[in-house]
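Structure first, then comments.
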Amino acid sequence: MENALSKFSILVVDDDRLIQKLIFDVLIKLGFGKIHRVNDAHAALQLLDTIVIDFIITDWRMGSMDGVTFARHVRGSMRPYAAIPIIMLTGNAEKDQVVKARDAGINEYLIKPFTMKELCRRINEVIEHPREYVMTPHYSGPSRRRQNSTAPHNAERRKKRRVSVVKDRDTLWVN
Numbered sequence: 005m006e007n008a009l010s011k012f013s014i015l016v017v018d019d020d021r022l023i024q025k026l027i028f029d030v031l032i033k034l035g036f037g038k039i040h041r042v043n044d045a046h047a048a049l050q051l052l053d054t055i056v057i058d059f060i061i062t063d064w065r066m067g068s069m070d071g072v073t074f075a076r077h078v079r080g081s082m083r084p085y086a087a088i089p090i091i092m093l094t095g096n097a098e099k100d101q102v103v104k105a106r107d108a109g110i111n112e113y114l115i116k117p118f119t120m121k122e123l124c125r126r127i128n129e130v131i132e133h134p135r136e137y138v139m140t141p142h143y144s145g146p147s148r149r150r151q152n153s154t155a156p157h158n159a160e161r162r163k164k165r166r167v168s169v170v171k172d173r174d175t176l177w178v179n
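Each residue of the sequence shown is one higher than the one before, starting from 5 at the first, in our numbering.
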């Protein structure tokens with residue numbers, strides 16, 4: 005019996021191969037079948053021109069092009085993939101960083117370290133509750149109805165904490 009999630013095609017963009025592998029393992033465990041991994045945003049943009057992707061998981065901090073700039077390229081491309089949901093992974097917990105990501109067209113924002121449950125919740129959000137895609141002269145991306153949202157509780161404490169990668173049956177912590 006085929007899992008409904010196996011039909012989704014996902015692109016993971018992260019220059020850290022360990023994080024890439026951890027996300028890949030989580031996605032496989034959840035039943036996703038088509039997972040593409042690239043090390044930088046330039047490779048991701050090239051791949052988007054050749055295959056159909058259902059959603060993107062990207063890191064904020066990467067080599068020559070960061071995740072926010074990558075999201076702006078995707079949203080401003082005027083190509084079929086411009087409306088693809090994007091989940092941002094980052095260590096940036098400050099409100100101005102969340103706003104910057106939102107204004108770049110990020111659908112979901114996940115602060116490191118995160119649990120497998122939190123990642124699943126963000127993935128579920130983009131699959132089960134897609135937001136309307138908006139195009140205006142100054143913005144292209146998902147509806148920004150969450151405009152007044154604040155940084156997650158404990159964001160300041162989480163920002164200061166350094167956590168190693170730990171994997172057990174129920175939790176996947178990533179820093």
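Ideal Cβ positions, reconstructed from N, Cα and C, are used throughout, including at glycine.
- Message: Assuming contact is defined by CB atoms lying nearer than 7 Å, are V42 and V17 in contact in what I supplied?
- Response: Residue mapping note: residue 42 aligns to position 38 of the sequence shown, counting from 1. Residue mapping note: residue 17 aligns to position 13 of the sequence shown, counting from 1. Their beta carbons are under 7 Å apart, which means V42 touches V17 by this criterion.
- Can you round the beta-carbon distance between P146 and G109 to whole angstroms, since I take them to be within the 8 Å contact cut? Indexing the sequence shown from 1 puts residue 146 at position 142. Indexing the sequence shown from 1 puts residue 109 at position 105. About 7 Å separates the CB atoms of P146 and G109; that is less than 8 Å, so the two are in contact.
- Message: With distance defined between alpha-carbon atoms, name the residue in E112, Y137, K33 and K11 nearest to N128.
- Response: Along the sequence shown, one-based indexing puts residue 128 at 124. That would be E112, whose Cα lies nearest to the Cα of N128.
- Grouping DSSP H, G and I as helix and E and B as strand, with all else coil, what is I115? Within the sequence shown, residue 115 is the residue found at index 111, counting from 1. Secondary structure of I115 (DSSP, three-state): strand.
- Query: Under the DSSP definition of a beta bridge, which residues are partnered with L15?
  - Reply: Numbered from its first residue, the sequence shown carries residue 15 at position 11. For L15, which the question treats as bridged, DSSP gives the partners H40 and I60.
- Simplified DSSP assignment, three categories, for H157: Taking the first residue of the sequence shown as position 1, residue 157 is located at position 153. Model confidence at H157 stands at a pLDDT of 48, short of 50, so the residue's coordinates are unreliable and nothing is read from them.
- Message: Tell me the rounded alpha-carbon separation between K11 and G37.
- Response: Locating residue 11 in the sequence shown gives position 7, counting from the first residue. Locating residue 37 in the sequence shown gives position 33, counting from the first residue. Approximately 6 Å, taken between the alpha carbons.
- In chain order, what residues of the same chain lie with their CB nearer than 6 Å to the CB of V138, ignoring the 5 residues before and after it? As a working mapping, residue 138 is identified with position 134 in the sequence shown. Excluding the 5 residues flanking it on each side, V138 has same chain C-beta neighbours closer than 6 Å at S147, in chain order.
- Could you tell me whether the Cβ atoms of L15 and I60 are closer together than 7 Å? Translated into the one-based positions of the sequence shown, residue 15 becomes position 11. Translated into the one-based positions of the sequence shown, residue 60 becomes position 56. For L15 and I60, yes; Cβs fall inside 7 Å.
- Cβ-Cβ distance between G95 and K116 below 7 Å: Translated into positions along the sequence shown, residue 95 becomes position 91. Translated into positions along the sequence shown, residue 116 becomes position 112. Yes, Cβ-Cβ distance for G95 and K116 is below 7 Å.
- Kindly indicate which three-state DSSP category G145 falls into: helix, strand or coil? As a first step, residue 145 is located in the sequence shown; it is residue number 141 there, counting from the start. DSSP places G145 in strand when its eight states are reduced to three.
- Message: DSSP three-state label for I131, please.
- Response: Position 127 of the sequence shown, counted from the start, is the residue given in the question as residue 131. Residue state, collapsed to three classes: helix.
- Task: Just mark P89 as buried or exposed, buried being the case when its beta carbon has 16 or more other beta carbons within 10 Å.
- Result: Start at 1 with the first residue of the sequence shown, and residue 89 comes out as number 85. So P89 counts as buried.
- Message: Per the DSSP calculation, L93 is bridged to which residue(s)?
- Response: The count along the sequence shown starts at 1 and reaches residue 93 at position 89. D63 and L114.
- Task: Go ahead and pull the three-state DSSP assignment for A8.
- Result: Reading the sequence shown from its first residue, position 4 is the one you call residue 8. Residue state, collapsed to three classes: helix.
- Query: What distance in whole Å lies between the Cβ atoms of S13 and D58, which are believed to be in contact at a cut-off of 8 Å?
  - Reply: What you label residue 58 is simply residue 54 of the sequence shown in a count that begins at 1. What you label residue 13 is simply residue 9 of the sequence shown in a count that begins at 1. Their Cβ separation, rounded to whole angstroms, is 5 Å, which keeps D58 and S13 in contact under 8 Å.
- Message: Just to confirm, is the Cβ distance from M69 to A105 under 7 Å?
- Response: If you number the sequence shown from 1, residue 69 lands on position 65. If you number the sequence shown from 1, residue 105 lands on position 101. No, these two residues do not count as a Cβ contact at 7 Å.
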